[in-house]
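Below is one structure, written out as structure tokens; comments come after it.
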Amino acid sequence: MSCSQCRPTGDFPESGFIHIRTDHPVLVQSLMSLFKENGLEGILSGNIASAKYSNLIELQDLMTKSLETFNDIAVESYYCSLTSSMEEVSVFTPWISFQHFVERMKQIDLYEIIQQQLFTTHSQPIVSLQSEDIFGYEFLLRPSSEEYEFKPFELFQYAERTGLQALLDGNARMTSIRNSAGAVAPGVKRFINFLPSSIYDPKHCLATTFKAAAEAGVDPNDLVFEVVETEEIADINHLKSILKAYQEQGMKVALDDLGAGHSTLSVLKELKPDYVKIDRKIISFCDEDESKEGMIQKIVEVAREIGAVVLAEGIERKEEADIALKCGVELAQGYYFGRPVPTESLAATVQ
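In structure tokens form, the structure reads like this:
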């Protein structure tokens, strides 16, 4: 992953030029032949084959036929770019892999949502189980209007398939920070999700996050960044470096969706987060399942060993809250305490 994956790559012009680059001369000629077969005038410039398209449907048809014509090895060597005119092609032209290009074209509406940051946040309260006072809020990505609807999980899946995960994840973090600034009082924690796989170098990738916090005037101590891939940690040392980067800035970190498996608890001991969020699957109807209650107690025990605060997610019933409190869980979140609401609606409580 490179820094270019954290930057916007431009829109899809309704008409313009498609450029496909490859280091293999034979494939360049094959692309020129494909253009001709599809009634397009090819333009050859070194290792770049270009063609003019009249509309996006024509462009999509060309991409489909390219996939049908070339094998996987050939496709992996292709890099694409779009411009409105031939004169716009230069050494600064952004190139993306053919596979990512094709995936982006399949759902251009989602591509535009990510590129233009057509999203906002909703916030769900996190409370103290002992007093039920507001301790903080989790900030969740939501559409900014009904015109640009999306499901957050599907948007992130699309971003992963198209090479836009770092861009989306970074902008989602910054949106949460900025939205929290005028809506949540100082001292109230702001829990913000992040994907470790989108951060290849903490020093560089998190610079914009730290800058956003400083510009918004948010106390670093009020920010809690949640790992949302706790069960899928591939490189624990890399994750350690990310958590350390946050903590060196005075921010807190949390592990999300924590289970009670031996491997997960070992990870907890090694990473030593500030907060631990218990998976809602364990919390659900824990009052009717002694094994679940035992899992909660085990997580609380390990958390206390490392000085972490435990939060129970997905509480929907009083009985679940009672069991969590009985087991020593300090914080809670779920529909029983409050549903996510537009972040701006919290602003009235700050006045």
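Numbers 1 to 351, taken from full-length UniProt numbering, label the letters of the sequence shown in order.
Glycine is no exception: its CB is placed at the ideal position from the N, C-alpha and C atoms.
Span of the alpha helix (DSSP H), counted from its first residue to its last, around residue i
i	result
residue 205	202 to 205
residue 111	108 to 115
residue 323	318 to 326
residue 171	165 to 181
residue 33	25 to 37
residue 158	152 to 162
According to DSSP, residues forming a beta bridge with residue i
i	result
residue 194	227
residue 121	141
residue 342	122
residue 57	Paired residues: none, contrary to the question.
residue 127	134, 332
residue 242	Residue 242 pairs with nothing; no bridge assigned.
Residue i - DSSP class collapsed to helix/strand/coil
i	result
residue 303	helix
residue 187	coil
residue 234	coil
residue 334	coil
residue 272	coil
residue 83	strand
residue 66	helix
residue 351	Any answer about residue 351 is weak, because its pLDDT of 47 lies below 50 and its placement is not dependable; what the coordinates show is given next. DSSP places residue 351 in coil when its eight states are reduced to three.
residue 10	coil
Proximity of residue i and residue j at Cβ, strictly below 8 Å
i	j	result
residue 277	residue 255	yes
residue 319	residue 334	no
residue 190	residue 137	yes
residue 234	residue 283	no
residue 175	residue 119	yes
residue 273	residue 241	no
residue 66	residue 34	yes
N-terminal and C-terminal residue of the beta strand (DSSP E) that residue i is part of
i	result
residue 50	48 to 53
residue 137	134 to 143
residue 18	16 to 21
residue 309	309 to 312
residue 276	275 to 278
residue 254	252 to 258
residue 44	42 to 45
Contact test: residue i Cβ vs the ligand ADP heavy atom, cutoff 7 Å
i	result
residue 282	Among the components modelled here there is no ligand, and therefore nothing to report on the ligand ADP.
Exercise for review: Examine the Cβ distances between the stretch 210 to 217 and the stretch 118 to 131 and report whether three or more of them are shorter than 8 Å.
Suggested key: no
Check your understanding: Do three or more CB pairs link the stretch 84 to 100 to the stretch 10 to 21 at distances below 8 Å?
Key -> yes
Exercise for review: Spell out a yes or no on whether the stretch 303 to 316 and the stretch 97 to 104 are touching, meaning 3 or more CB-CB pairs, one atom from each, closer than 8 Å.
Suggested key: no
Check your understanding: Between the stretch 61 to 80 and the stretch 33 to 42, do at least 3 Cβ pairs fall closer than 8 Å?
Key -> yes
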